[in-house]
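Here the structure comes first, spelled out in structure tokens, and everything after it is commentary.
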Amino acid sequence: MNITQKVNTAPQVYEVESQTREVLKTDFDDSVSDPIDAKEVYDQIRKINDPEHPLTLEQLRVINCGHITVDDAASHVVIEFTPTIPHCSMATLIGLCIRVRLLRSLPERFKVDIRVREGTHQSEADVNKQLNDKERVAAALENTYLLDVVNQCLATAA
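1 is the number of the first residue of the sequence shown in the numbering used here; add one for each residue after it.
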């Protein structure tokens with residue numbers, strides 16, 4: 001990922017549970033309403049690579065399906081993630097990767113809020129402010145180096 005100095009040199013890695021989503025005949029029927037749920041959002045982001053390590057956010061338990069709330073009728077998604085350490089300098093980048101993945105995969109009608117889980121990061125208020133400010137996100141994505149890093153993290157998420 002071109003991240004030269006690792007903040008968390010030995011993260012705890014968790015076993016990933018086999019999670020397969022049942023495919024129904026109605027999934028391919030455009031005449032049937034198919035509401036988006038937390039599991040579907042989780043499936044979109046669980047394979048994102050961590051910026052520091054060749055591990056997914058799921059393997060590091062940075063994201064968890066139970067910390068995703070979807071209100072399909074109101075077109076609103078809330079994702080809370082847990083950095084691997086309380087002073088993780090990659091928290092904003094991880095949140096940016098999650099945001100970009102969902103911008104590319106969810107219907108445009110959805111408003112997405114991304115937050116660090118309360119009490120899991122020493123600068124959670126600042127990180128949350130950056131991740132949910134449209135202008136800051138747009139400015140970050142104009143940085144070609146940063147966009148390259150985000151795209152590398154997302155390469156395994158497809």
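Virtual Cβ for every residue (Gly too), placed ideally from N, Cα, C.
* **Length of the line joining the Cα atoms of ILE45 and VAL116** => Residue 45 sits at position 45 when you count from the first residue of the sequence shown. Residue 116 sits at position 116 when you count from the first residue of the sequence shown. Each residue's alpha carbon lies about 15 Å from the other.
* With DSSP as the reference, label ASN2 as helix, strand or coil. => For the purposes of this step, residue 2 is taken as the residue at position 2 of the sequence shown. Only weak support is given to the placement of ASN2: the predicted model assigns it a pLDDT of 45, under 50, and the question is left unresolved by the model.
* Find out if the Cβ-Cβ distance for the pair VAL149, PRO51 is shorter than 8 Å. => Residue mapping note: residue 149 aligns to position 149 of the sequence shown, counting from 1. Residue mapping note: residue 51 aligns to position 51 of the sequence shown, counting from 1. Taking 8 Å as the Cβ cut-off, VAL149 and PRO51 qualify as a contacting pair.
* So, GLY95 versus VAL70, is the Cβ gap smaller than 8 Å? -> Stepping through the sequence shown from its first residue, residue 95 is reached at position 95. Stepping through the sequence shown from its first residue, residue 70 is reached at position 70. The answer is no: Cβ separation not under 8 Å.
* **Close beta carbons around TYR42, own chain, < 6 Å, minus the five adjacent residues each side** => Reading the sequence shown from its first residue, position 42 is the one you call residue 42. CYS65, ILE68, listed in sequence order.
* Are LEU154 and ARG99 close, meaning C-beta to C-beta below 8 Å? -> Numbered from its first residue, the sequence shown carries residue 154 at position 154. Numbered from its first residue, the sequence shown carries residue 99 at position 99. By the CB criterion at 8 Å, LEU154 and ARG99 fall outside the cutoff.
* Nearest-angstrom Cα distance between PHE81 and ILE63? -> On the sequence shown, residue 81 is found 81 positions in, with the first residue counted as 1. On the sequence shown, residue 63 is found 63 positions in, with the first residue counted as 1. Cα to Cα, the separation comes out at about 5 Å.
* Over what stretch of residues does the beta strand (DSSP E) that includes GLU80 continue unbroken? -> To locate residue 80, count along the sequence shown from 1; it is residue 80. 76-81 is the extent of the beta strand (DSSP E) around GLU80.
* Bridge-paired residues (DSSP) for ILE114 -> Along the sequence shown, one-based indexing puts residue 114 at 114. Answer is ILE79.
* Counterpart residues of ASN49 in DSSP-defined beta bridges -> Counting from one through the sequence shown, the residue named residue 49 turns up at place 49. In DSSP, ASN49 forms a bridge with THR56.
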